[in-house]
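With the working numbering, letter number 39 in the sequence shown gets 517, and the count goes up by one each step, no holes.
Data first, discussion second: the structure below is written as structure tokens.
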Amino acid sequence: VRKPPPVKPQPKKPVERKPPVHAERPPAPKTSAPPSVQAPRAARVAAPAPSAAPAAPSVSPASWRGAMVAHLNRYKRFPPGAATTGTAMVAFTISRAGAVLGSRLVASSGNPQLDAEAVALPRRASPMPAPPASVPGSTIALTVPVRFSR
Numbered sequence: 479v480r481k482p483p484p485v486k487p488q489p490k491k492p493v494e495r496k497p498p499v500h501a502e503r504p505p506a507p508k509t510s511a512p513p514s515v516q517a518p519r520a521a522r523v524a525a526p527a528p529s530a531a532p533a534a535p536s537v538s539p540a541s542w543r544g545a546m547v548a549h550l551n552r553y554k555r556f557p558p559g560a561a562t563t564g565t566a567m568v569a570f571t572i573s574r575a576g577a578v579l580g581s582r583l584v585a586s587s588g589n590p591q592l593d594a595e596a597v598a599l600p601r602r603a604s605p606m607p608a609p610p611a612s613v614p615g616s617t618i619a620l621t622v623p624v625r626f627s628r
């Protein structure tokens, strides 16, 4: 006994999609301003009024410190051969221009390789973002944690 061949379904025709028909919109209301081609020309060019504000935007010490930590993180490297993670505290001094003048280890991470990298980090990241005028002194001493993780 022979079975009849299976019936294949007919392929579906693609559905034509028509763009939506929008109701006729009313015209936009007219304004009292003349078109730009009819606008009268000014006798002189307007410029911003001079102010007593400094030319550079002011930066708060907190946002400057955050920018500096972000700058350091861009230069941070996990030392090859260091199997652990840790946090070292590093103190460093910068000039008003942001140049690193010196750095030293304040608190060890417990791993000499991580500690050496933490001390080298500020010099490699020099120059740092310059401190804002609101931070006093010709040199600025900072202490930051340097966290190493894989």
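Backbone N, C-alpha and C define an ideal beta-carbon position, used for all residues, glycine too.
As the structure is a prediction and not an experimental result, all values here were calculated from the model.
Residue range of the beta strand (DSSP E) that residue 625 falls in?
-> Here the beta strand (DSSP E) through residue 625 covers 617–626.
For residue 605, is the classification buried or exposed, using 16 other Cβ atoms within 10 angstroms of its Cβ as the cut-off for buried?
-> With fewer than 16 Cβ atoms within 10 Å of its Cβ, residue 605 is classed as exposed.
Given a threshold of 16 other Cβ atoms within 10 Å of its Cβ, counted over all protein chains shown, does residue 495 qualify as buried or as exposed?
-> Counting Cβ neighbours within 10 Å, residue 495 comes out exposed, since fewer than 16 surround it.
Evaluate residue 485 with the Cβ neighbour count: other Cβ atoms within 10 Å of its Cβ, from every protein chain shown; 16 or more gives buried, anything less gives exposed.
-> By the neighbour-count rule (16 or more Cβ atoms within 10 Å), residue 485 is not buried but exposed.
Are there three or more Cβ pairs, one per stretch, closer than 8 Å when the stretch 614–621 is compared with the stretch 555–563?
-> In short, these stretches do not touch, since the Cβ pair count stays below three.
How big is the Cα-Cα spacing for residue 571 and residue 546?
-> Between the alpha carbons of residue 571 and residue 546 lies a distance of about 13 Å.
Just confirm the distance between the C-beta atoms of residue 538 and residue 566, as a whole number of angstroms; I'd bet it's less than 8 Å.
-> So it is not a contact: roughly 27 Å between Cβ atoms.
Residue environment, residue 483, which counts as buried when at least 16 other CB atoms sit within 10 Å | Per the 10 Å Cβ criterion, exposed.
Whether residue 575 touches residue 603 by CB criterion (7 Å) = Cβ distance not < 7 Å, so residue 575 and residue 603 don't count as in contact.
Those residues which DSSP pairs with residue 596 across a bridge | In the DSSP secondary-structure assignment, residue 596 is not bridged to any residue.
Pairwise C-alpha distance: residue 582 and residue 623 = Cα to Cα, residue 623 sits roughly 12 Å from residue 582.
Taking DSSP as the reference, what is the three-state secondary structure of residue 566?
-> In this structure, DSSP gives residue 566 an extended state, which the three-state scheme calls strand.
Could you give the distance in angstroms between the alpha-carbon of residue 610 and the alpha-carbon of residue 541?
-> Roughly 10 Å separates the two Cα atoms.
Whole angstroms is fine: what's the gap from residue 589's alpha carbon to residue 554's?
-> Their Cα atoms are separated by approximately 16 Å.
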